[in-house]
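I have placed the structure first, in the form of structure tokens, so that the comments after it can refer back to it.
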Amino acid sequence: MEHYEMEFDFEAKHLNHIISIAEKQLADVRHSSSKQQSDLIDAKQDLWENSRLSMSNLWSSDRFYELVALSQYENVVSGKLSALELAAGKIAALERMIESPYFARIDFQFEDEDEAEQIYIGRSSLIDEKEVEIQVYDWRSPLASVFYRFGVGNAFYDAPNGRISGKVSLKRQFEIHHGQLEYFFDADVQIMDEFLRKLLSQNASSKMKAIVETIQKDQDIVIRDLENDLMMVQGVAGSGKTSVALHRVAYLMYQGLSSRLSAHNIMILSPNTLFERYISNVLPELGEDNVISIHFDDLLKLILPTARIQTKNQLLETLLTSRESISIEETDPTAKAGSNIEDIPLTAKVGSNIDLRKRSLTFKTSLEFKEILDRFIDDIPRKWIGFSDIDYDGKCIASRHLLKAEILDRKRDIPLGLRLKHLEEAIYQKVHKIRKARMKKLRSFAAKYPEHVFETEEFARLLSISESTTLSRNIEQFTRLDVLSLYKTLFRDPNYFHCLAKGIALPDGIDSILEYTRENLQKEQLAFEDGLPLALLQLKLNGFRYGKSIKQVVIDEAQDYYPLHFMLLKLLFPNARYTILGDIYQTIEKPEELAFFDSISKILDKKKSALVTMNKSFRCTSEILSFSKRFLRQSSEMESFSRSGEAPGIYGAQNQEALDELIREEIRLCQDRQYQSIGLLCKTEADARLLYQRLKHLPERQEQSPERPQQGLQSEVRFIGTDTITDIRGVFVLPLYMAKGLEFDAVLLCDVDKDHYASEDDRKLLYIGCTRALHRLSLFYAKEKSLLLD
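Number 329 in the working numbering belongs to position 329 of the sequence shown; there are no gaps in the numbering.
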């Protein structure tokens, strides 16, 4: 105890010393920032005064020097603004440093040194400019990796100039709040696990937090990997995939100081806007700017701005709300003794429509269909472009045969749309060469009419404009591609489709898929499975420059993607490296196995790739994780971090009213336990809306206490729909598929009855829903519970 007190006193003094250095630097930066702000105001005033004097006739040739001068003033303003933004970043980092400068210390004895050096590790670095000495090492620095990967004993880290070896004699972790040392402990594996267990036992926050203090060895390996162009992670629910991805982004930005990788060079593909909001705090907590975050539906809008395409959530809602979903029991008519076709429930008889939709989805997002599209693209200039002769001034200046030959002979690596644009420009160049002679003829023609004798020039110009309009219309008929019309052409004639697909394995019932597609393509909104190939067609025909600057793409919930998704990404971001995270156990409308990651590797075709498996779940208690695993068909090596809690509860009621009362009481119980986030998860958005409406109109609870005044649920429960953006704090009702990647202190899985949950897709939904819970999991049903719970 005496030793601890002496060490505590030493660490407290050291902490004060570090904070004093940070406070001094903060004062200096603030003073400098104030001066920069004043300079910026003066520069803006100069720009305003000079622009007022110079704006008239600015672009005329005799005002060229005024334009140059104005540009110089603008450059000064831009430079001072950048300096001010840089200072603001330093101020924010130092303010965070004063609150909590570091979280760990290692005593590391370098191989050639006699004594160990005390290395303090924090979220950002601090250099004593007076002593020119690093006081706090950034957690992303090479030396800091020793803390994450080694205990006491021999250790090493990889620096830019090679591997550095040494020995760790002390590994210490701190709890510092508001600049005050709360406690510290000298960490071995067992004590660090206990510390992590304590953190995991706390309530969930409204937004995801940085985890630099608790990064595990296997997570650190993924975060710091720079060798692979494609880093893939198969991580079970709660293994920290998303946190690892975001910390990897921060690490890449830290490394990018020398390789010029900044926030605008990185893109995160997330499942929905709610998830984007949930993760929005992590990078700022780590002192980095937020990077571009988008979901794939928005990427499709960028590629096809005028097309109306069904979103992924709309697709899931369609599949999950349909009464045509075939239950496990209904797929086998012989399951009941003496059953015949009349005995089979109606849902099983018409279930083929949903089956057709799924087969259409699987086929049109496959590499086989991509091959058919490629053949179709090659066929377009031969069969589906109506080249025509171009006449001007009474002559054929370009015959349709030569135009077609020109397109077929041009370089095939240039998209067809660009080749056609170049052809159009070549035609206009020919027109331009003979335009003067044509105008002369038009003037002579106009002069023959007495009524135009005083406006010969104007009348000739009108005739020329009319001719040019007709000419442009004729040219654009074969140089401008209507991608949607072409896509419809692919399905118009089944014989042509089969001819195009010769030698390619087609799914059973392909003609039904073709007919189904023809019908759907007549609707205003395109089906989800037609949006992806249509986007691929657009990219291959017309090209797209949006993603040239993106150097790193991070994909979360990758198991929801299809092969065509990755083909599109390959075209969109040709210069990017990838970090791809997913869980094959968390798909909904399609089955996946580990081979899924092999197919990603083949499609993206990067020089070096790696697959890391993360099997330990840190989110759920052991009891919740054990319960959740019953819904997995595949064998899983998933293991728990061994945090104990209550066993999940299954609660039934005789009718809907009684069920709602049970749910209300569960909400109250969770609130009494001070849970910060309570998720009521329903199978679909339609179910979630119904439950929300019912809970809003529940009568007040009769009993009350001084600690909790009587109140209704209307002001407490919130509904989360497809486009909702909010912080996850409070009581929420939401569709289950939108809860992916999120976590709640308590989860209430609602309507887990025989009708709602019966299929293989439902089994996976239950697994996803159960693994959202940190501390408490409850399942509710009315009348008959789902057979999947047995």
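We put the CB at the ideal spot given by N, CA and C, even for glycine.
Inter-residue CB distance, residue i and residue j (contact presumed, cutoff 8 Å)
i    : j    : result
V553 : L269 : 7 Å
D107 : L170 : 4 Å
K551 : L226 : The pair is not a contact, with the Cβ atoms about 13 Å apart (cut-off 8 Å).
L536 : L373 : 6 Å
Y675 : D745 : 4 Å
I121 : F156 : The Cβ separation is near 16 Å, so there is no contact.
T479 : K421 : 7 Å
S388 : R400 : 5 Å
S243 : I266 : At roughly 16 Å, the Cβ-Cβ gap does not stay under 8 Å, so S243 and I266 are not in contact.
K570 : I603 : 6 Å
S628 : S640 : Their Cβ separation, rounded to whole angstroms, is 10 Å, which puts S628 and S640 out of contact at 8 Å.
P735 : E685 : 4 Å
S280 : K207 : 6 Å
D138 : I21  : Their Cβ separation, rounded to whole angstroms, is 16 Å, which puts D138 and I21 out of contact at 8 Å.
Run of the alpha helix (DSSP H) containing residue i, from where it starts to where it stops
i    : result
R163 : From DSSP, R163 is part of no alpha helix (DSSP H) but of the beta strand (DSSP E) over G162 to H177.
H565 : P563 to L572
E623 : S622 to S628
E760 : E760 to C770
A746 : Looking at the DSSP string, A746 is not in any alpha helix (DSSP H); the run it does join, the beta strand (DSSP E), is F744 to L749.
I513 : I510 to N520
K372 : The sequence given here has Ile at residue 372, not Lys. From DSSP, the alpha helix (DSSP H) with I372 extends over L367 to D379.
Host beta strand (DSSP E) of residue i (start-end)
i    : result
Y157 : G153 to A159
D672 : From DSSP, D672 is part of no beta strand (DSSP E) but of the alpha helix (DSSP H) over Q656 to D672.
H679 : It should be noted that the sequence gives Gly, not His, for residue 679. Here the beta strand (DSSP E) through G679 covers S677 to C682.
A782 : A773 to A782
G721 : No beta strand (DSSP E) holds G721; DSSP gives it neither H nor E.
E182 : Q180 to D186
Y392 : I390 to Y392
P735 : G730 to P735
Q538 : That residue, Q538, is in no beta strand (DSSP E); its alpha helix (DSSP H) goes F528 to N542.
V752 : It is not in any beta strand (DSSP E) - V752 carries neither H nor E in the DSSP assignment.
Beta-carbon proximity list for residue i, same chain, < 6 Å, skipping 5 on both sides
i    : result
D393 : I434 and R438
E288 : A250 and M253
I18  : P101 and Q135
I229 : The sequence shown places Asp at residue 229, not Ile. Contacts found: R577, K606, K607 and K608.
E592 : Q559 and I584
L572 : G547
L801 : With the chain covering 1 to 790 only, the question about residue 801 has no answer from this structure.
F110 : G166
Cut-off 7 Å between Cβ atoms - residues of its own chain near residue i, not counting five sequence neighbours on either side
i    : result
E368 : I504 and A505
A501 : I372
E646 : E623 and R776
L594 : Q234 and I584
M6   : none
L490 : F376 and F497
S626 : none
E519 : none
L246 : I279, V282 and L283
K740 : P271, E557, Q586 and I768
Distance cut-off 7 Å: residue i Cβ against heavy atoms of the ligand PLP
i    : result
V291 : No copy of the ligand PLP appears in this structure; indeed no ligand is present at all.
8 Å CB neighbourhood of residue i in its chain, flanking five on each side removed
i    : result
L408 : P381 and R382
H264 : V291, I292 and S549
G794 : With the chain running from 1 to 790 in the structure shown, residue 794 is simply not present.
F296 : L269, K312, Y561 and H565
D761 : L319, L320, S325, I588 and E589
R492 : R518
G153 : K167 and V168
Is the stretch 443-451 in contact with the stretch 460-467, if contact means three or more CB pairs nearer than 8 Å?
-> yes
May I ask you to verify whether the stretch 25-33 touches the stretch 86-97, counting CB pairs closer than 8 Å and requiring at least 3?
-> yes
Touching by the beta-carbon criterion (3+ pairs, under 8 Å), the stretch 404-421 and the stretch 465-485 = Cβ pair count under 8 Å is three or more, so yes.
Which runs of the alpha helix (DSSP H), 4 residues or longer, sit entirely within the stretch 433-497?
-> Restricted to the stretch 433-497, the alpha helix (DSSP H) segments that are unbroken, complete and at least 4 residues in length are 456-479 and 483-492, listed in chain order.
Tell me the start and end of each unbroken alpha helix (DSSP H) in the stretch 398-439 that is at least 4 residues and wholly inside, in chain order.
-> 400-409
Any 3 or more C-beta pairs closer than 8 Å across the stretch 538-547 and the stretch 268-287 = no
Should the stretch 750-759 be called in touch with the stretch 306-316, which here means at least 3 C-beta pairs below 8 Å?
-> no
In chain order, which continuous runs of the beta strand (DSSP E) of length 3 or greater are located wholly inside the stretch 86-148?
-> 104-110, 117-122, 126-128 and 133-138
Say whether the stretch 648-662 touches the stretch 766-783, bearing in mind that this needs 3 or more beta-carbon pairs closer than 8 Å, one atom from each stretch.
-> With contact defined as three or more Cβ pairs closer than 8 Å, the stretch 648-662 and the stretch 766-783 are in contact.
Segments of 3+ residues assigned as beta strand (DSSP E) that fall wholly inside the stretch 252-333 = 266-269 and 292-294
Quick one: which unbroken alpha helix (DSSP H) runs of 4-plus residues sit fully inside the stretch 574-648? Chain order, please.
-> 595-604 and 622-628
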